[in-house]
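Chains as they are written, first to last, in this note's numbering: chain A, 17 to 213; chain B, 17 to 213.
Working notes, structure below.
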């Protein structure tokens, strides 16, 4: 016999799909939802659906946006491009209020062990942006792990013959950790001390 | 400047309302939702709304149900009533597959410090059920804290004159724990309630 009645069981199952959420936590979440007002639950559901409906990728940089071109690409200095693996890395860097240039989201890193080649991520798009001229510096801000380093080196080799300054965040970031979880002081320092590669 | 675009910020805000979820965790959840398919997100939203639309309280015991009377009240022995504070306590006890009787959910406990009197919880409803006759035993399964104990004592005093056997879940040292690390209140209670073997 199922202990939970069907609608509660269903909601617990949905919450269990979130990262790091087990049955017990999902159950706590479901009970909180039951005790919410109709308006609160409807707003929650609308926010879920809204994020899928309204969020798309910027056609220039690949970051999340609501319009065709994101707010950063529209307003900031296009002479410096900071290259990151994922949209959440843009958030981590924007929190510093340090960088005045634009981004390029690769949507992955080169990872031959998992069959991900340069063609599977947005490398071509980056080259096209640089090819338009006016780009002075490309900052490689992929994670300081094996795949991130390899990706940075690969892209640097492609860009250097074009006369572009390619820099890399300084290795103040602890090796093996992820950009998203690096504390802001370390991340900020790594940004300021970026070095040409 | 807001770092997150509006639909993502909204969803992060909604996830932050769940118990124990901070900004960082809410952000992780939101990113997972963005990477879900439309079908998955729609199912999630439907589960949220569904739980509010379909879940109500059993008119007999106060537990969650989809119909007027819950599955437990419909099928099990009404001679033994187990009294709990909240619907989630029913789940905890049902997992044992031990109890064959029915429940009564108080939806709170007596807590004068927070202005909760016996009239604010489902005590009258319990007395009405017992008053219908056929009830032999009432098991007080409120939490073993100050309010839970007070509530159990209060209800026991009302029921005993009616000739009902009122019992309480035994309190003592948790199975598998060590005497040395048991808190003093628990150990003291275990000592006082020692049983002949």
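Ideal Cβ positions, reconstructed from N, Cα and C, are used throughout, including at glycine.
Asked, Found
"Any C-beta of chain A sitting closer than 8 Å to the C-beta of residue 23/B?", "yes"
"Enumerate in chain order the residues of its own chain whose CB-to-CB distance from residue 183/A is below 8 Å, with the five nearest sequence positions on each side excluded.", "153, 154, 155, 156, 210, 211, 212, 213"
"So residue 58/A contacts chain B; which residues on that side make the cut at Cβ distance below 9 Å?", "64, 65, 68"
"Quick check on residue 72/A: buried or exposed, where buried means 16 or more other Cβ atoms within 10 Å of its Cβ?", "exposed"
"Report all residues from its chain with a CB closer than 6 Å to the CB of residue 80/A; omit the five preceding and five following residues, and keep chain order.", "71, 103"
"Can you list, in chain order, the residues of its chain with a C-beta nearer than 7 Å to that of residue 175/A? Leave out the 5 residues immediately preceding and following it.", "146, 154, 182"
"Could you work out which residues of chain A lie near residue 81/B, taking near to mean beta carbons separated by less than 9 Å?", "21"
"Compare the C-beta of residue 141/B with all C-beta atoms of chain A and state if any pair is closer than 8 Å.", "no"
"Using a C-beta cutoff of 8 Å, does residue 71/A count as contacting chain B?", "yes"
"Under three-state DSSP, which class holds residue 157/B?", "coil"
"What does the alpha-carbon distance come out to for the pair residue 99/A and residue 164/B?", "57 Å"
"Mapping the DSSP letters down to three states, classify residue 298/B as helix, strand or coil.", "Since the first residue shown for chain B is 17 and the last is 213, residue 298/B is missing from the structure and cannot be characterised."
"For residue 36/B and residue 177/A, I'd like the C-alpha separation in whole angstroms.", "51 Å"
"Please list the partners that residue 92/A has in chain B, where partner means a Cβ-to-Cβ separation under 7 Å.", "Chain B residues near residue 92/A: none, gap ~11 Å exceeds 7 Å."
"To the nearest angstrom, how far is it from the Cα of residue 64/A to the Cα of residue 108/A?", "22 Å"
"Please report the residue range of the alpha helix (DSSP H) in which residue 12/B lies.", "There is simply no residue 12/B to check, as chain B begins at 17 and stops at 213 in what is shown."
"In the DSSP output, which residue or residues are listed as bridge partners for residue 120/A?", "99/A"
"If we ignore side chains and look at the alpha-carbon of each, how far apart do residue 126/B and residue 137/B end up?", "7 Å"
"Express the C-alpha separation of residue 112/A and residue 200/A in angstroms, rounding to a whole number.", "7 Å"
"With a floor of 4 residues, list each alpha helix (DSSP H) that falls wholly inside the region 17 to 90 of chain A, ordered by position along the chain.", "22 to 31, 39 to 50, 54 to 70"
"Residues of chain B with CB closer than 7 Å to the CB of residue 49/A, please, in chain order.", "64, 67"
"Can you confirm whether the region 85 to 94 of chain B touches the region 115 to 135 of chain B when touching is taken to mean that 3 or more C-beta pairs between the two stretches lie within less than 8 Å?", "yes"
"In chain A, what lies closer than 7 Å to residue 42/B by C-beta?", "Correct list: empty, because the minimum Cβ distance to chain A is about 10 Å."
"Just to confirm the assignment: which complete beta strand (DSSP E) runs, minimum length 3, are found wholly within the region 169 to 203 of chain B?", "181 to 184"
"Are there 16 or more other CB atoms within 10 angstroms of the CB of residue 128/A, so buried, or fewer, so exposed?", "exposed"
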